[in-house]
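Take a look at the structure set out below.
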Amino acid sequence: MSDTTSINNDISHHDLSESQTKEHNNTELKNNNIEVSIPVKSGIMHNYRILWMIRWVEFFSSASVVTLSGLSVAYFFRRDGKMAFVLALGAISFVYQSLILYDITWFFNKSNKRLITLRRFVIIFDLILSILWLISFILITIEYPRYECHKQGKNNRVDGCRSGKASIAFSLINFVFYLTGAIVLLFNTNTRLKPRENFKLIPHLLDFEN
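Heads up, the sequence shown is in UniProt numbering, so the first residue is 1 and it goes up one at a time.
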């Protein structure tokens with residue numbers, strides 16, 4: 001009987017010690033302001049490589065829009081506000097993606113909490129840009145297909161007309177990829193950022209754990 005009582009006491013003592021240890025660890029985490037987040041480890045929407053691919057597509061697509069719409073404004077749609085809007089939007093998107101890919105986080109406090117907050121602003125800006133790209137796509141799709149580029153005479157005008165029409169496709173690409181990028185970030189709003197060993201363990205905005 002005494003042996004059974006002793007064993008029960010030992011088990012109770014062990015459970016109590018475990019409970020106290022967990023409480024102590026939780027208290028220590030709170031006191032040290034250590035952020036505890038559980039990264040999602042599966043699914044294509046939680047793969048940071050997908051997000052990097054999307055950003056590079058947006059970067060090159062924006063550069064293509066700037067080139068094509070610039071040629072179009074220079075040689076064909078000189079006084080057309082719609083193509084000028086596409087050119088301005090392409091330039092803004094190109095600069096924006098350059099900052100994201102270069103690592104805009106260098107300008108901010110490198111804490112995980114601050115970067116997650118910054119990520120939320122990126123989601124909002126991505127959604128705004130996706131709406132603007134949709135608007136630009138609709139505007140130039142309604143306006144420009146009626147032009148027959150091969151009948152425009154001079155080579156410069158023909159090239160300008162064709163460049164303007166080509167920018168229609170890239171406007172649609174930008175809309176799709178900006179919207180997709182925002183959705184992927186939205187799925188990972190609170191996912192912990194992964195430190196980058198080559199940059200003194202400073203995480204990049206797009207590098208979340210998976």
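Glycine included, each C-beta is placed from N, C-alpha and C at the ideal position. Please read these numbers as outputs of a predicted model, since none were measured by experiment.
1) With H, G and I counted as helix, E and B as strand and the rest as coil, what does DSSP make of residue 77?
2) Hey, out of 157, 164 and 129, whose CA is closest to residue 143's CA?
3) Taking the alpha-carbon positions, what's the residue 102 to residue 55 distance?
4) Count the other CB atoms within 10 Å of the CB of residue 86; is the residue buried (16 or more) or exposed (fewer)?
5) According to DSSP, is residue 49 part of a helix, a strand, or is it coil?
6) Cutting at 7 Å between CB atoms, please list the residues of its own chain near residue 173, excluding the five before and the five after it.
7) Using the Cβ count rule (16 or more neighbours within 10 Å means buried), how would you classify residue 162?
8) Assess contact between the stretch 177–189 and the stretch 63–70, defined as three or more Cβ pairs (one per stretch) separated by less than 8 Å. Is contact present?
9) Counting only the same chain and skipping the five closest in sequence on each side, list residues whose C-beta sits under 8 Å from that of residue 57.
In terms of the structure at hand:
1) coil
2) 164
3) 11 Å
4) buried
5) Assignment of residue 49 by DSSP, reduced to helix, strand and coil, places it in the helix class.
6) 61
7) Buried: at least 16 other Cβ atoms inside 10 Å.
8) Output reads no: the stretch 63–70 does not touch the stretch 177–189.
9) 173 and 177
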